[in-house]
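In the order they appear, the protein sequences are chains X and Y. Under this note's numbering, the very last position in the first sequence is 758; numbers go up by exactly one each time. Under this note's numbering, the very last position in the second sequence is 344; numbers go up by exactly one each time. Reading through the structure tokens given below for one structure.
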Amino acid sequence: MSQNENVSKPYLRLKNISKTFPGVKALQNIDFDVRLGEVHALIGENGAGKSTLIKILAGVYKPDAGGILEVDGVEYPSLTTKESMHHGIIAIYQDFSLFPTLSVKENIAFSEQMDSKGWLMNWREVEKTARQALDNLGVKGDLNIRANMLSTAKQQLVAIARALVYDAKILIMDEPTSALSSGEVDALFQIVNKLRDQGMGIIFISHKLDELFRISDRMTVLRDGLKIATAPKSEMTRKKLISLMVGREVSDERMLGEGGSDVVLEVKNICKKGNFEDVSFTLKKGEILGITGLVGAGRTETIQALFGLNEPDSGEIWLEGKKISPKSPAEAEKLGIAFVPESRQTEGLILQQNVENNITLPILEKFANKLMRIDFKKRRTRAEELIKQLDVRPNYPHMETSKLSGGNQQKIVIAKWLATNPKILIVDEPTNGIDVGAKTEIHKLLRSLADQGMAVIMVSSELPEILAVSDRVLVMRQGRVSAIVDGADADQELLMSHSVQGGLHGHDKKGQEAHHE
Amino acid sequence: MEKVNNNPPTIGDRVIQGIRKDPRMVFLALVLIGLIVLMSILAPGRFLTVRNFKNMGFQMAEFGILAIGMSVVIMTGGINLSLVSSSMLGAIVGAYLMRALNQAGTMSDWSIILIGIASILTVSVLCGLVNGFFVAYVGVVPMLVTLGTQTVFNGISLNITRGSGISGFPKVFQKIGSGTLFDIPYTLLIYIVVILIAWYLVQKTPWGVHVYMVGGNEKATRYSGVNTKKVLTLVYVFSAVMAGIAGILMISRYNSAKADYGSSYTMMAIAATVLGGTDINGGSGKVWGTVMAVLILQVLSSGFNIIGINRNITDIVTGLILIAVLSINHFTSKEKIRKSK
Numbered sequence: 242m243s244q245n246e247n248v249s250k251p252y253l254r255l256k257n258i259s260k261t262f263p264g265v266k267a268l269q270n271i272d273f274d275v276r277l278g279e280v281h282a283l284i285g286e287n288g289a290g291k292s293t294l295i296k297i298l299a300g301v302y303k304p305d306a307g308g309i310l311e312v313d314g315v316e317y318p319s320l321t322t323k324e325s326m327h328h329g330i331i332a333i334y335q336d337f338s339l340f341p342t343l344s345v346k347e348n349i350a351f352s353e354q355m356d357s358k359g360w361l362m363n364w365r366e367v368e369k370t371a372r373q374a375l376d377n378l379g380v381k382g383d384l385n386i387r388a389n390m391l392s393t394a395k396q397q398l399v400a401i402a403r404a405l406v407y408d409a410k411i412l413i414m415d416e417p418t419s420a421l422s423s424g425e426v427d428a429l430f431q432i433v434n435k436l437r438d439q440g441m442g443i444i445f446i447s448h449k450l451d452e453l454f455r456i457s458d459r460m461t462v463l464r465d466g467l468k469i470a471t472a473p474k475s476e477m478t479r480k481k482l483i484s485l486m487v488g489r490e491v492s493d494e495r496m497l498g499e500g501g502s503d504v505v506l507e508v509k510n511i512c513k514k515g516n517f518e519d520v521s522f523t524l525k526k527g528e529i530l531g532i533t534g535l536v537g538a539g540r541t542e543t544i545q546a547l548f549g550l551n552e553p554d555s556g557e558i559w560l561e562g563k564k565i566s567p568k569s570p571a572e573a574e575k576l577g578i579a580f581v582p583e584s585r586q587t588e589g590l591i592l593q594q595n596v597e598n599n600i601t602l603p604i605l606e607k608f609a610n611k612l613m614r615i616d617f618k619k620r621r622t623r624a625e626e627l628i629k630q631l632d633v634r635p636n637y638p639h640m641e642t643s644k645l646s647g648g649n650q651q652k653i654v655i656a657k658w659l660a661t662n663p664k665i666l667i668v669d670e671p672t673n674g675i676d677v678g679a680k681t682e683i684h685k686l687l688r689s690l691a692d693q694g695m696a697v698i699m700v701s702s703e704l705p706e707i708l709a710v711s712d713r714v715l716v717m718r719q720g721r722v723s724a725i726v727d728g729a730d731a732d733q734e735l736l737m738s739h740s741v742q743g744g745l746h747g748h749d750k751k752g753q754e755a756h757h758e
Numbered sequence: 004m005e006k007v008n009n010n011p012p013t014i015g016d017r018v019i020q021g022i023r024k025d026p027r028m029v030f031l032a033l034v035l036i037g038l039i040v041l042m043s044i045l046a047p048g049r050f051l052t053v054r055n056f057k058n059m060g061f062q063m064a065e066f067g068i069l070a071i072g073m074s075v076v077i078m079t080g081g082i083n084l085s086l087v088s089s090s091m092l093g094a095i096v097g098a099y100l101m102r103a104l105n106q107a108g109t110m111s112d113w114s115i116i117l118i119g120i121a122s123i124l125t126v127s128v129l130c131g132l133v134n135g136f137f138v139a140y141v142g143v144v145p146m147l148v149t150l151g152t153q154t155v156f157n158g159i160s161l162n163i164t165r166g167s168g169i170s171g172f173p174k175v176f177q178k179i180g181s182g183t184l185f186d187i188p189y190t191l192l193i194y195i196v197v198i199l200i201a202w203y204l205v206q207k208t209p210w211g212v213h214v215y216m217v218g219g220n221e222k223a224t225r226y227s228g229v230n231t232k233k234v235l236t237l238v239y240v241f242s243a244v245m246a247g248i249a250g251i252l253m254i255s256r257y258n259s260a261k262a263d264y265g266s267s268y269t270m271m272a273i274a275a276t277v278l279g280g281t282d283i284n285g286g287s288g289k290v291w292g293t294v295m296a297v298l299i300l301q302v303l304s305s306g307f308n309i310i311g312i313n314r315n316i317t318d319i320v321t322g323l324i325l326i327a328v329l330s331i332n333h334f335t336s337k338e339k340i341r342k343s344k
């Protein structure tokens, strides 16, 4: 592997790039460059701004005014997708963006056909182009097979081949190894090295530190939309990288409780193929159990099993001494389990309906008399109570939910479950896309619910959030419980090291990972 | 602070409130009144007659009831293309039984009719359960499920009847479709009762609210602990019961049952639903809106008929009105989205 640090000028250079979304500064004053013939790793926690950065490079997002994108010596305030592609900046997203029902050759030579002026497809040309691209990668394969019939690894090759046809100078690979076996990863790395040696610049995004140290020449760390560091691999260590990723040890104000009393829920060795494996934990009355891990670690899948959305293949779930196996949310609700899903827009709320309809949905049947007639007055009163209890603003029951802010929408989702008086409240990424003020409000709310005796499970990718409220923290990695630690003992570095493959200790040392409670 | 008004609202206040709450109903009512006036002018002395309104009452009921059955399905974001074929399958089975029992001659007319009606409703409920099962539990798209069952139900009907009509019911059975009470057709009375029941179920019960919620976002509704499969199944059963009632009225009016009766009603029912303000994507709509749309379509077709305009022209006009209303809907809802942003 050559360490191409002598390559002269960067092909791509970002100066002072920022991107603001309503209420969120996704990127702030980023300087970043990529040279031809290097693999540049981009690292950061979920939400650090990696995706935003890629999308700016690909021309999907327009950065805020004031920054400069310099490509091949030309300066732009922002790129369009067309300009970006014209300069050979090609992104391969996690889903590869292939046309699933089209053949391999059609996928690879797609651009060529788009550009051709004629009315008819020149199939011979398509085949030639596709074959050439695959040959260049050193891959043989059937050109006529449909893309969705291929394995993930092969689909990825098709996507890379397509990038070659686009004449890629800078190839962006977003978590390219997340769905690959280790053999496939080796094969991919061979190709990546080959492309680098041919003079391509590659931006490589991954959570797997081992891989980053294997493949990259330079590394750039992002955190909370800021660039923290760029350094050659030789100057980085695993430990340094983790501490750069998570930042200062000092976290926000902590709201820890007494730590709970009686065990309410006991999960014993539940497994679901491809989702989670051998997951066990307990949950006590009055505590908040934080569950964290990287995206794809199986957190959501696990808690969905408790809510009847993802039945485990094996293992047992015990609620207050009774074995349960909820098969639908309706059953879970009857058992006293409430679930605030990750996406309030598509799973939590019926957006075009009003607040009253949403907030009373799980308890609607309680307002009906023997003739099934809803007592609308009673329902209105209850809705108003709930709105007041959680301080939803504005406090109109008849307001369309889509018009409320994210924080207030989330309060409605929580309120509708509080109305059912649940034993267990499960919240998945409760402050996703919510501004800082409302975040703290939600945290306080969860804490006060726990203090009142509710058992709370909070899934979150944001470590500061986990640390802010969790009495205990369960870390998942690749579908398994990698650690359960006391909230008071936890810090970001510890949690991150349990989250990433290899972690601080290099390779898995299962024996050393504490399962203390 | 707003001034508190302790006076009871006057009729004027209520009307204004009503207009504000539901401008679409007002729009439909205006269209209806406008059409009645127009027809009265175009056909003086012939449209505004008791006889004509009685005729409309006879014709409207079966279509109106089918339209309600369609509307509730569309409110969930689905569609029921098998509506009329389940109606006729039930009716044919009932007709077959009634004829056989009538020929045997051992039972009283009333018990035969009762058995006939019960069997019609039973068969249509079964049809509804089949649709509901595939939509809610198997998860097939409603349009495909009901397209399939439409063909199946129709095929069974044809197989039973060999393509011809079944007649020979007890004489009294005809009364349902052609009798009157103080000059008001029974069918119209039945239609009104059905409207009231449907309005109550859809607008006043938890099931009705769930229908709208499922139509708005099935996943979020399910995630709120609502058994959406049950809600959906009941929707298709409700739709089928409407079909069954309409089937009874139809074979009584024609005094025979045939597989292809009412075949144009399916599309017309969809048209009435949409014209009445139900979003084809689900989540909104009112029973009264559909009723209003049925009235409009009925006035249109009766009026044209009296004036002597060709039936085909009536179809063309109906189609054009539908397209116009949908286009208006499209632009007004776009406006709404733009404003909310």
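For each residue, glycine too, the CB sits at the ideal point set by N, CA and C. Computed from a prediction, not measured in an experiment: that's the story for all the values here.
Asked, Found
"Neighbourhood of SER643 of chain X by C-beta, 7 angstroms cutoff - its chain only, sequence neighbours within 5 removed", "LEU592 and GLN593"
"Other residues of its chain near VAL741 of chain X: CB distance less than 8 angstroms, five sequence neighbours each side excluded", "HIS448, LYS449, LEU450, ILE483, LEU535 and ARG718"
"Minimum Cβ-Cβ distance from VAL214 of chain Y to chain X less than 8 angstroms", "no"
"PRO570 of chain X: contacting residues in chain Y (beta-carbon distance under 7 angstroms)", "ARG225, TYR226 and GLY228"
"Reduced DSSP category for TRP360 of chain X - H, G, I as helix; E, B as strand; rest coil", "coil"
"Amino acids of chain X, ordered along the chain, whose beta-carbon sits closer than 7 angstroms to that of GLY286 of chain Y", "GLN593"
"Endpoints, the beta strand (DSSP E) within which SER259 of chain X is located", "253–262"
"Cβ-based neighbour list, HIS328 of chain X, same chain, cut-off 7 angstroms, excluding 5 preceding and 5 following", "VAL312, ASP313 and LYS410"
"Cα-Cα separation between THR681 of chain X and LEU715 of chain X, rounded to whole angstroms", "21 angstroms"
"Contact set for ARG372 of chain X: own chain, Cβ-Cβ below 7 angstroms, skip 5 residues either direction", "LEU384"
"Chain Y within 8 angstroms of PRO417 of chain X, Cβ atoms only", "no"
"Burial state of ALA538 of chain X, where buried means 16 or more other Cβ atoms lie within 10 Å", "buried"
"Nearest candidate by alpha-carbon position, reference GLY48 of chain Y, set Y:PHE334, Y:VAL328, Y:ILE310 and Y:ALA223", "Y:ILE310"
"Cross-chain neighbours of GLY219 of chain Y in chain X, by beta carbon under 7 angstroms", "ILE591, GLN593 and GLN594"
"Proximity of LYS260 of chain X and ASP305 of chain X at Cβ, strictly below 8 angstroms", "yes"
"Residue(s) in a DSSP beta bridge with VAL722 of chain X", "X:MET717"
"Nearest-angstrom beta carbon gap, MET73 of chain Y and ASN83 of chain Y [assumed within contact, 8 angstroms]", "6 angstroms"
"Chain-ordered residues of the region 653–674 of chain X with a beta carbon less than 8 angstroms from chain Y", "LYS657 and THR661"
"Straight-line gap, ILE600 of chain X to ALA201 of chain Y (C-alpha atoms, nearest Å)", "25 angstroms"
"Cβ contact check for the region 26–35 of chain Y and the region 279–296 of chain Y: 3 or more pairs under 8 angstroms", "yes"
"Beta strand (DSSP E) runs contained entirely in the region 633–699 of chain X, provided each spans 3 or more residues", "665–669"
"Under 7 angstroms from the C-beta of THR183 of chain Y: neighbouring residues of chain X", "None at all; the shortest Cβ gap to chain X is about 31 angstroms."
"C-alpha gap between ASP415 of chain X and GLY286 of chain Y, whole angstroms", "38 angstroms"
"Proximal residues to LYS619 of chain X (C-beta, below 8 angstroms), its chain only, five neighbours per side dropped", "PHE608"
"Per-residue DSSP class, three states only, for GLU490 of chain X", "Low confidence applies to GLU490 of chain X: its pLDDT is 44, below 50, so where it sits in the model is not reliable enough to give any reading."
"Neighbour-count burial assignment, ARG688 of chain X, 16 or more Cβ in a 10 Å radius", "buried"
"Minimum Cβ-Cβ distance from PRO603 of chain X to chain Y less than 8 angstroms", "yes"
"Residue burial classification, GLN431 of chain X (beta-carbon count within 10 angstroms, cutoff 16)", "exposed"
"Rounded C-alpha distance that separates LEU375 of chain X from ARG403 of chain X", "9 angstroms"
"Contact set between ILE600 of chain X and chain Y, taken where Cβ atoms lie within less than 7 angstroms", "Ordered by position in chain Y, no residue passes the 7 angstroms Cβ test against ILE600 of chain X, which lies about 10 angstroms from the chain."
"Coil, strand or helix - SER352 of chain X by DSSP", "helix"
"Meets three-Cβ-pair contact criterion under 8 angstroms: the region 85–102 of chain Y and the region 225–234 of chain Y", "no"
"Host alpha helix (DSSP H) of VAL297 of chain Y (start-end)", "290–310"
"Cβ separation of ILE295 of chain X and ALA332 of chain X, assumed to be a contact under 8 angstroms, to the nearest whole Å", "6 angstroms"
"Nearest-angstrom Cβ-Cβ length linking PHE156 of chain Y and SER89 of chain Y, presumed shorter than 8 angstroms", "5 angstroms"
"Close Cβ partners of LYS289 of chain Y (< 6 angstroms) along its chain, the five nearest in sequence each way excluded", "none"
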